[in-house]
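Colleague:
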Amino acid sequence: MRDRLALPLVALAVTLAVLAPLAAPGYVLSYDMVFVPRQPLRADLIWPTATLPRAVPLDALVSLSATVAPGWLVQRIVLAAILLLAAIGAGRLLPTGRLLPRLVAAVGYAWTPYLAERLLIGQWGLLLAYASLPWLISAALRLRDGDRRALRGVLGFGALAAVTPTGGLIALVTVLILLPWRARPRWLAGAAAGGVALLNAPWVIAGLLTGADGRSDPAGVAAFAARGTDWTGPLGALAGTGGIWNARTTLPSRESSLAPFGTLLLLALAGYGWRLLRERRPDLATRLGILAGAGFVLSALAVLPGGTGGLEWLVAHVPGTGVLRDGQKLLMPYALLLVLCVALGAERLGDRGLGRRPILIGALLLPVVLLPDLAGGAFGRLRPVSYPADFAAVAARIDREPGLVLSLPFAAYRTYPWNAGRTVLDPLPRYVDAEVLVDDRLRVGDLVVRGEDRRAGAVRRALATDGPLAEPLAGLGVRWVVVQRVVGAAAFPAVNLTGFRLVHSGADLQLFEIGSSQSSY
Amino acid sequence: MRKALPLVLAGVVALALGLIGSVAVASTLTGSSSEAAKSVTGTDAAPGVYGTR
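Protein sequence lines correspond, in order, to chains A and B.
Quick note, the first sequence lines up with residues 208 to 728 if you use our numbering.
Quick note, the second sequence lines up with residues 31 to 83 if you use our numbering.
#1: Against chain B, with Cβ distances strictly below 7 Å, would A/L649 count as a contact?
#2: Closer than 8 Å by beta-carbon distance: list the chain B residues that pair up with A/Y620, in chain order.
#3: Just reading off the alpha helix (DSSP H) that A/R485 is part of, what are its end residues?
#4: Do the region 532-549 of chain A and the region 274-285 of chain A touch if we need at least three Cβ pairs shorter than 8 Å?
#5: So is A/R564 buried or exposed if we call it buried at 16+ other beta carbons inside 10 Å?
#6: If you draw a straight line from the C-alpha of A/D715 to the C-alpha of A/A599, how long is it?
#7: Could you give the distance in angstroms between the alpha-carbon of A/P176 and the alpha-carbon of A/P512?
#8: Given a cut-off of 7 Å, decide if A/S506 and A/A433 are closer than it, judged by their beta-carbon atoms.
#9: Three or more C-beta pairs under 8 Å: does that hold for the region 466-476 of chain A against the region 380-395 of chain A?
#10: By the three-class DSSP mapping on this structure, what secondary structure does A/R657 have?
#11: Cα-Cα, which of A/L709, A/G353, A/A378 is closest to A/G363?
#12: 7 Å is my cut-off, CB to CB: does A/A454 come that close to chain B?
#13: Name the residue from A/E659, A/W331, A/L676 whose alpha carbon lies nearest to the alpha carbon of A/L613.
#14: Hey, could you find the ends of the beta strand (DSSP E) A/R359 is sitting in?
#15: Going by beta carbon distance, what residues of the same chain come within less than 7 Å of A/P247, once the five residues before and after it are set aside?
#16: Which of the three DSSP states, helix, strand or coil, is assigned to A/W318?
#17: Less than 7 Å between CB atoms is the rule here; does A/R434 satisfy it with respect to chain B?
#18: Which word fits A/P204, buried or exposed, when buried means at least 16 other C-beta atoms lie within 10 angstroms of its C-beta?
#19: Based on the DSSP output, what are the partners of A/Y234 in its beta bridges?
#20: Identify the contact partners of A/T630 in chain B, using a Cβ-Cβ distance below 8 Å as the criterion.
#21: If we count Cβ pairs, one from each stretch, closer than 8 Å, do we get three or more for the region 406-419 of chain A versus the region 367-385 of chain A?
#22: Taking CB distances under 7 Å as the criterion, tell me whether A/G652 reaches chain B.
#23: What residue range does the beta strand (DSSP E) around A/I568 cover?
#24: Applying the criterion that 16 or more other CB atoms from any shown protein chain within 10 Å of the CB defines a buried residue, is A/T672 buried or exposed?
#25: Closest to A/I253 by C-alpha separation, out of A/W481, A/R299, A/L416, A/G722, would be which residue?
#26: Quick one, which of A/L654, A/L683, A/N453 has its alpha-carbon nearest A/R668's?
#27: Could you say which of A/L310, A/Y594, A/L300 lies nearest to A/D210 if we only look at CA atoms?
#28: Who are the near neighbours of A/H711 in its chain, counting only those whose CB is closer than 8 Å to its CB and skipping five residues on each side?
#29: Look at the alpha carbon of B/G72 and the alpha carbon of A/R305, and state the distance between them as a whole number of angstroms.
#30: For A/L646, which residues of its own chain have a beta-carbon under 6 Å away from its beta-carbon, when the five flanking residues on both sides are left out?
#31: So, at 6 Å on beta carbons, what are the nonlocal neighbours of A/V685 in its own chain, with the 5 sequence-adjacent residues on each side left out?
#32: Within the same chain, show all residues whose beta-carbon is closer than 6 Å to that of A/P609, passing over the 5 residues directly before and after it, in chain order.
#33: Taking the straight line between their C-alpha atoms, what separation do you get for A/T371 and B/Y80?
#34: If we count the other Cβ atoms within 10 Å of its Cβ and call it buried at 16 or more, is B/S63 buried or exposed?
#35: Whole angstroms are fine: how far does the CA of A/R249 sit from the CA of A/V576?
#36: Compare the Cα-Cα distances from A/T528 to each of A/M240, A/V285, A/V217, A/D420 and report the closest residue.
As structure tokens, then:
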């Protein structure tokens, strides 16, 4: 009984430790993580026609969930599920009969730099794939062992992983490598692989039908390449499962000059545990090893000699390969293999007569010691905030007479004074029940990575003229313009809105409607 | 001596971990304040910046 409860209880403790600030009311708005009170079920969110389907079917699922639960609750459920699933999944996957090594794997997988960095950058859809991975592998292994009921597990966790294109691809490659292709009945492996391939169909079809250019700006390869955080460079950061491109989402403890010694300790333990994994579950060791190796190479591709050029050519010429430019996200199988081997390494070390319990407890605490600043929502960086009342007022006004909305300043990401200075994707497209035009270019420092929405290009050209915007925007079908107050700009950025009527003027948002001769400001 | 070896090793490991952890926490504290300062004055303060390398 104690052993059965220990794993979920430890997973719960880790979840509470990481997500503690979410006990407060409001929404965590951090980079790509945007939740709103009720996300509308709108065609352009479900099936984007002007941009690449990066959030298909994720946005559709969030919109559907809004019909039964408010956004703040969905956000908490999803984030808690990620941590719980990751910890319990890794603990259960570990081939051992002992409890403590399972707990080592559980804490290790739910407390990685990878999870911390992707959590801070708000890619919770990708983290659902991270959390599903041990369960998916476990189900595939049970299929290998002849348990046909495991097909449901493969498809279920495959579906959870496939809420984003990257997660779906990782799930598909994982099952292709792990499935028992030679075992009977033959249809079983085919059904599992075909099922997971079908789960990728929404974003594949949306990608084929979109009017956006499927090729990406090669500048994105350098902008989103793995980043070194200490003297070991990007490869050292990747070896410790970190190395995300954005310095702002790297925890300070990863930038300590001693962090590489922690990574070295983990690698040494993992190397020591590799033999146990191969002895106990050779099929898992070999296949997960292949997955992890391939993921690591792809993660490092942009920083390897010759890799940048090849990747730049690929994303510029082959539609859809832009998914490879932020390669560090493909590190998740490596993170899982590292954690499993560390747990087995600690178990083996304990069995050598060096004191099983102290070694395993040390290994259990090791990830927390190496990354203490993930606790408490990365020391408060995941603190929820409330939307200013202006958002509800503007959304209600647009709701009454829906039309195309332009969000200004014309940029994809915002740094709001009311969001503790944190950067976040413009929430307006998800807050109002109308299509919203935003700039889809990505600015990384001084570098600008081109987007693919052709209408956004037309808006940029209109804004560049400094002339009245009413005519060119009306030509694009824009009815409403929302001007937002952001950090680093004037109270409201100056735009020539002659010909627009001021409909709502708040401290944080101003709403203009096209078709009036009044000059606003 | 042989019996005491596990305890000695566990102590060494614990000390090493404690040292790494303390330095990590210390760097976290200095890192946090500089991060907070950057959030309003750095490149990221410019509207629309996704992040910095």
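All C-beta atoms in this analysis are idealised placements derived from N, C-alpha and C, irrespective of residue type, glycine included.
Note that the structure is a prediction, hence the values are computed from the model and not measured.
Modeller: In brief:
#1: Closer than 7 Å to the CB of A/L649 there is at least one CB belonging to chain B.
#2: Under the 8 Å cutoff, chain B gives G78, V79, Y80.
#3: Bounds of the alpha helix (DSSP H) holding A/R485 are 466-487.
#4: With the cut-off at 8 Å, the region 532-549 of chain A and the region 274-285 of chain A do not touch.
#5: Using a 10 angstroms sphere on the CB of A/R564, the tally of other CB atoms stays under 16, which defines it as exposed.
#6: Cα-Cα distance, rounded: 12 Å.
#7: Any property of residue 176 of chain A remains undetermined from this structure, which presents chain A solely from 208 to 728.
#8: Contact flag set, yes.
#9: In short, these stretches do not touch, since the Cβ pair count stays below three.
#10: Three-state result, A/R657: coil.
#11: Distance from the Cα of A/G363 is smallest, within the candidate group A/L709, A/G353, A/A378, for A/A378.
#12: Closer than 7 Å to some Cβ of chain B, the Cβ of A/A454 qualifies, so yes.
#13: Comparing Cα positions, the closest option is A/L676.
#14: Taken as a continuous stretch (DSSP letters only), A/R359 belongs to no beta strand (DSSP E), being part of the alpha helix (DSSP H) at 357-368.
#15: Same-chain partners within the cutoff: S270, D640.
#16: Three-state result, A/W318: coil.
#17: By this cut-off, A/R434 is an interface position.
#18: Summary: the structure shown does not reach residue 204 of chain A, with chain A confined to residues 208 through 728, and so no result is reported for it.
#19: Paired residues: A/V592.
#20: When 8 Å is used as the limit between beta carbons, A/T630 is near these residues of chain B: D74, V79, Y80, G81, in chain order.
#21: Contact between the region 406-419 of chain A and the region 367-385 of chain A is present, because at least three Cβ pairs lie under 8 Å.
#22: Look at A/G652: its C-beta is under 7 Å from a C-beta on chain B.
#23: Here A/I568 belongs to no beta strand (DSSP E); instead the alpha helix (DSSP H) covers 563-577.
#24: With fewer than 16 other Cβ atoms within 10 Å, it is exposed.
#25: Looking from the CA of A/I253, the closest CA among A/W481, A/R299, A/L416, A/G722 belongs to A/L416.
#26: Comparing alpha carbon positions, the residue from A/L654, A/L683, A/N453 closest to A/R668 is A/L683.
#27: For A/D210, the closest alpha carbon among the candidates A/L310, A/Y594, A/L300 is that of A/L310.
#28: Excluding positions up to five away in sequence, the list reads D597, A600, V601, R604, Q717, L718.
#29: Here the model assigns B/G72 a pLDDT of 43, short of 50, so the residue's position is not dependable, and the following value carries that caveat. The alpha-carbon atoms of B/G72 and A/R305 are separated by roughly 50 Å.
#30: The residue you asked about is not Leu; residue 646 of chain A is Asp in the sequence shown. Correct list, in chain order: F617, A618, A619, A663.
#31: Excluding sequence neighbours, A/V685 sits near L611, L613.
#32: Taken in chain order, the residues that qualify are A641.
#33: Their Cα atoms are separated by approximately 20 Å.
#34: The pLDDT assigned to B/S63 is 39, lower than 50, so where the model puts this residue is not dependable, and the model offers no usable value.
#35: Whole-angstrom Cα-Cα distance: 45 Å.
#36: Minimum Cα distance to A/T528 is reached at A/D420.
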